[in-house]
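Engineer:
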Amino acid sequence: MPLLNDLAKNSQVISVDELTFYLKDLIENNPLLRNIAVKGEIIEIKRHNSGHVYFSIGSKQARLSCVMFKSNANYVPLWPQTGDEVIVQGYIGIYPPQGTYQLYARNILPLGKGAQMRAKEELKKRLEKEGLFDPRIKRKLPPYPNKVGVVTSQTGAAVKDVIRVAKKRFPQCVIYIFPALVQGIEAPQDIVRAMQLSATKELDAVLLVRGGGSRDDLAPFDDERVVRSIRACPFPVVTGVGHEIDWTLSDLAADLRAPTPSAAAEIVFPDRNEIYKQTYHMKARLVSLAAHRCQREFNLCERQLTRLQNSIKNI
Numbered sequence: 002m003p004l005l006n007d008l009a010k011n012s013q014v015i016s017v018d019e020l021t022f023y024l025k026d027l028i029e030n031n032p033l034l035r036n037i038a039v040k041g042e043i044i045e046i047k048r049h050n051s052g053h054v055y056f057s058i059g060s061k062q063a064r065l066s067c068v069m070f071k072s073n074a075n076y077v078p079l080w081p082q083t084g085d086e087v088i089v090q091g092y093i094g095i096y097p098p099q100g101t102y103q104l105y106a107r108n109i110l111p112l113g114k115g116a117q118m119r120a121k122e123e124l125k126k127r128l129e130k131e132g133l134f135d136p137r138i139k140r141k142l143p144p145y146p147n148k149v150g151v152v153t154s155q156t157g158a159a160v161k162d163v164i165r166v167a168k169k170r171f172p173q174c175v176i177y178i179f180p181a182l183v184q185g186i187e188a189p190q191d192i193v194r195a196m197q198l199s200a201t202k203e204l205d206a207v208l209l210v211r212g213g214g215s216r217d218d219l220a221p222f223d224d225e226r227v228v229r230s231i232r233a234c235p236f237p238v239v240t241g242v243g244h245e246i247d248w249t250l251s252d253l254a255a256d257l258r259a260p261t262p263s264a265a266a267e268i269v270f271p272d273r274n275e276i277y278k279q280t281y282h283m284k285a286r287l288v289s290l291a292a293h294r295c296q297r298e299f300n301l302c303e304r305q306l307t308r309l310q311n312s313i314k315n316i
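Structure follows, in structure tokens:
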């Protein structure tokens, strides 16, 4: 037993539980591992009766077990198949009963244009069937908004374009900026957060905008969560995403779609100069109508007075 005694003296003896939960705490509090995106090939995938999805991704020399719980799995429009290359976003954690580490997935993005287009088309069909794109549920914009929310990147060109147009066309309107990531795998949940925050204010409309980019750059606006947040917003939503040739599922769900952020702002903010012109012409028309009416009544009185005078002469 001398070897065992030496081990006890020179090493700290801990239980399996203590070691496992020490490692669990160490890993799950690592900033890098709390929000990570991992690229790999689907090795196996299985959907449990509970709605959770268990799968593995791998590369040449390693394999990573992953799980996506039902709350997130329901938002995946088209699940990849074995052999497909994907990016999985989530956090690394330890599962104590088995003593294994795994990736707890929040989102999964298929790589390859064909896979992405198929996923988008499947989601479009499903949401269309639910009625989220029905023209009959579109809301009208108020003609003269007092408060407008803008969901976009706080540092991008889009927010500057919107503010510039608003100041030029309708400066009396108050603008609320709700900053959000508009690119990358974390963007959808950040856009949803910003949309939900905008719903807590008393607004007349919300602008959801970002500048141009590649198809991958605009992918967050094809995310189901973003589409549903648009329809859940209590105020009319106008999108201005990318350029004129770009169409996203968010555009289909929005109450109005514009080809660019600037064009979206022009839809929401009326031109005060045009309002002044319309007001002037309306005033001039009212004055003209009033003058015409007065002249007509005066002429009528003149005729009646003439008849009365003629009647008196004939008595």
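Numbering-wise (the numbering used here), the sequence shown opens with residue 2 and increments by one.
Every residue, glycine too, gets a C-beta built ideally from N, C-alpha and C.
Cβ of Gln-82 within 9 Å of Cβ of Ile-109?
Structural biologist: Sequence index remark: in the sequence shown, residue 82 carries index 81 (1-based). Sequence index remark: in the sequence shown, residue 109 carries index 108 (1-based). In this structure, Ile-109 does not lie closer than 9 Å to Gln-82 by Cβ.
Engineer: Residues bridged to Val-77 by DSSP?
Structural biologist: Your numbering for residue 77 matches position 76 in the sequence shown. Val-77 is not bridged to any residue.
Engineer: Which class does Pro-146 belong to by DSSP, given the choice of helix, strand or coil?
Structural biologist: Position 145 of the sequence shown, counted from the first residue, corresponds to residue 146. Coil at Pro-146, not helix or strand.
Engineer: How would you call Asn-311, buried or exposed, if buried means at least 16 neighbouring beta carbons within 10 angstroms?
Structural biologist: For the purposes of this step, residue 311 is taken as residue 310 along the sequence shown, with counting starting at 1. The residue is exposed, with fewer than 16 neighbouring Cβ atoms inside 10 Å.
Engineer: Which whole-angstrom value describes the C-beta separation of Thr-240 and Asp-252, a residue pair presumed to lie in contact below a C-beta threshold of 8 Å?
Structural biologist: For the purposes of this step, residue 240 is taken as residue 239 along the sequence shown, with counting starting at 1. For the purposes of this step, residue 252 is taken as residue 251 along the sequence shown, with counting starting at 1. About 5 Å; that satisfies the 8 Å criterion.
Engineer: When the distance is taken between beta carbons, is Lys-148 closer than 9 Å to Tyr-177?
Structural biologist: Looking up residue 177 in the sequence shown gives position 176. Looking up residue 148 in the sequence shown gives position 147. A contact, by the Cβ cut-off of 9 Å.
Engineer: Using a Cβ-Cβ cutoff of less than 8 Å, which residues in the same chain neighbour Leu-4 once the five nearest sequence positions on both sides are dropped?
Structural biologist: Position 3 of the sequence shown holds residue 4. With a pLDDT of only 47 at Leu-4, under the threshold of 50, the placement of this residue in the model should not be trusted, and no figure is reported.
Engineer: Closest to Leu-112 by C-alpha separation, out of Asn-31, Val-207, Ile-164 and Asp-217, would be which residue?
Structural biologist: Counting from 1 along the sequence shown, the entry for residue 112 is found at position 111. Of the listed residues, the one whose Cα sits closest to Leu-112 is Asp-217.
Engineer: Please state whether the Cβ-Cβ distance between Val-163 and Ser-263 is less than 9 Å.
Structural biologist: Start at 1 with the first residue of the sequence shown, and residue 163 comes out as number 162. Start at 1 with the first residue of the sequence shown, and residue 263 comes out as number 262. Cβ atoms of Val-163 and Ser-263: closer than 9 Å.
Engineer: Ile-231 to Tyr-76, Cα distance in whole Å?
Structural biologist: Position 230 of the sequence shown holds residue 231. Position 75 of the sequence shown holds residue 76. Taking the straight line from one Cα to the other gives about 15 Å.
Engineer: Look up Ala-200 in the DSSP assignment and say whether it is helix, strand or coil.
Structural biologist: Counted from its first residue, the sequence shown places residue 200 at position 199. Coil, per DSSP.
Engineer: Using the C-alpha atoms, what's the distance from Ile-44 back to Phe-56?
Structural biologist: The residue given as residue 56 occupies position 55 in the sequence shown. The residue given as residue 44 occupies position 43 in the sequence shown. Using only the alpha carbons, I get a separation of about 7 Å.
Engineer: Using the Cα positions of Pro-97 and Ile-186, report the straight-line distance between them to the nearest angstrom.
Structural biologist: Reading the sequence shown from its first residue, position 96 is the one you call residue 97. Reading the sequence shown from its first residue, position 185 is the one you call residue 186. Approximately 28 Å between the Cα atoms of the pair.
Engineer: Need the endpoints of the beta strand (DSSP E) that Leu-208 sits in, please.
Structural biologist: The residue labelled residue 208 in the question sits at position 207 within the sequence shown. Its beta strand (DSSP E) spans residues 206-211.
Engineer: Here's the rule I'm using: 16 or more other beta-carbon atoms within 10 Å means buried, otherwise exposed. How should Pro-221 be labelled?
Structural biologist: Stepping through the sequence shown from its first residue, residue 221 is reached at position 220. Buried, because 16 or more other Cβ atoms sit within 10 Å of the Cβ of Pro-221.
Engineer: By DSSP's criteria, Asn-108 is part of a beta bridge. Which residues make up the other side?
Structural biologist: Looking up residue 108 in the sequence shown gives position 107. Note: Asn-108 sits in a beta bridge opposite Gln-90.
Engineer: Between Arg-194 and Val-207, what straight-line distance do the alpha-carbon atoms span, to the nearest angstrom?
Structural biologist: Here the question's residue 194 lines up with position 193 in the sequence shown. Here the question's residue 207 lines up with position 206 in the sequence shown. Those two C-alpha atoms are separated by around 14 Å.
Engineer: At the level of alpha carbons, what is the spacing between Leu-8 and Ser-16?
Structural biologist: As a first step, residue 8 is located in the sequence shown; it is residue number 7 there, counting from the start. As a first step, residue 16 is located in the sequence shown; it is residue number 15 there, counting from the start. Unreliable placement is indicated for Leu-8, whose pLDDT of 49 sits below 50; the coordinate value is still reported in the next sentence. Rounded to whole angstroms, Leu-8 to Ser-16 spans 15 Å at the Cα level.
Engineer: What residue does the alpha helix (DSSP H) around Pro-136 start on, and which one ends it?
Structural biologist: Reading the sequence shown from its first residue, position 135 is the one you call residue 136. First-last for Pro-136: undefined, no H or E at that position.
Engineer: Output the distance between the C-alpha atoms of Glu-29 and His-49, rounded to the nearest integer angstrom.
Structural biologist: Within the sequence shown, the letter at position 28 stands for residue 29. Within the sequence shown, the letter at position 48 stands for residue 49. So the two alpha carbons sit approximately 25 Å from each other.
Engineer: According to DSSP, which residues form a beta bridge with Ala-38?
Structural biologist: Position 37 of the sequence shown, counting from 1, holds the residue named residue 38. Looking at the DSSP assignment, Ala-38 forms a beta bridge with Gln-90.
Engineer: Checking the sheet assignment: what are the DSSP bridge partners for Ala-259?
Structural biologist: In the sequence shown, residue 259 corresponds to position 258, counting from 1. Gly-241, per the DSSP bridge assignment.
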